[in-house]
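Asker: One structure, as structure tokens, below. Some questions next.
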Amino acid sequence: MVVKCLSNSGDAFVKATLGKRGGTQSMVLPLKVNGIYTVYGQILSEGIMEYLILGEENYPSWYPVELFEIIDDRIYFDWMFNYRGRDGISAVWGYEELVRDEEYIYNLEDREKMAIQIFLDRKKEIDEANEW
Numbered sequence: 495m496v497v498k499c500l501s502n503s504g505d506a507f508v509k510a511t512l513g514k515r516g517g518t519q520s521m522v523l524p525l526k527v528n529g530i531y532t533v534y535g536q537i538l539s540e541g542i543m544e545y546l547i548l549g550e551e552n553y554p555s556w557y558p559v560e561l562f563e564i565i566d567d568r569i570y571f572d573w574m575f576n577y578r579g580r581d582g583i584s585a586v587w588g589y590e591e592l593v594r595d596e597e598y599i600y601n602l603e604d605r606e607k608m609a610i611q612i613f614l615d616r617k618k619e620i621d622e623a624n625e626w
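Position 108 of the sequence shown, counted from 1, bears residue number 602 in the working numbering, the numbering being contiguous throughout.
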């Protein structure tokens with residue numbers, strides 16, 4: 495899936511996202527307005543849908559869907575899905591480690607070296623498979 499960034503500031507968050515995700519309306523996220531990004535995973539957590547994107551800070555991070563417009567709705571053929579229903583995470587879509595390893599999401603958020611390397615490996619596979 496490919497998305498276009500419509501906004502990189504907290505003022506674009508819906509009220510529920512701003513309250514649950516933290517931050518302020520004046521915060522600026524490391525995304526380029528009108529930038530085009532590949533989605534490497536999706537999560538539904540505490541009622542908030544987010545995309546896993548490699549932003550301008552060059553680290554994979556979760557960003558609320560309301561910041562984006564979908565410009566190509568095809569997803570990677572090897573994606574998986576899991577309903578978790580615990581730890582605030584309802585559902586996860588994406589590559590194997592993201593979906594099957596319950597600790598991986600937290601390791602990725604903590605920027606642990608092994609989790610980042612797995613992300614980069616999966617990113618390469620997804621980018622090569624989705625050269626459209």
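Backbone N, C-alpha and C fix where the C-beta goes; we use that ideal spot for every residue, glycine too.
#1: With a threshold of 8 Å, are at least 3 pairs of Cβ atoms found where one atom belongs to the segment 552–572 and the other to the segment 525–532?
#2: Is glutamate 551 buried or exposed, if buried means 16 or more other CB atoms sit within 10 Å of its CB?
#3: Fully enclosed by the segment 548–599, which alpha helix (DSSP H) runs are 4 residues long or longer?
#4: Let me know the secondary structure DSSP gives leucine 608 once reduced to three states.
#5: Whose C-beta lies closer than 8 Å to the C-beta of glycine 582 among residues of the same chain, with five residues either side of it excluded?
#6: Less than 6 Å between C-beta atoms, sequence neighbours within five positions excluded: which residues of the same chain meet that for valine 593?
Answerer: Reading off the structure:
#1: At 8 Å Cβ cutoff, the stretches touch.
#2: By the neighbour-count criterion, in which a residue is buried when 16 or more other Cβ atoms sit within 10 angstroms of its Cβ, glutamate 551 is exposed.
#3: The alpha helix (DSSP H) runs lying completely inside the segment 548–599 and spanning 4 residues or more are 590–594, given in chain order.
#4: Looking at the sequence provided, one finds methionine at residue 608 rather than leucine. Annotated three-state conformation of methionine 608 is helix, per DSSP.
#5: Ser539 and Glu540, listed in sequence order.
#6: Within the same chain, valine 593 has close Cβ partners Met574, Asn576 and Val586.
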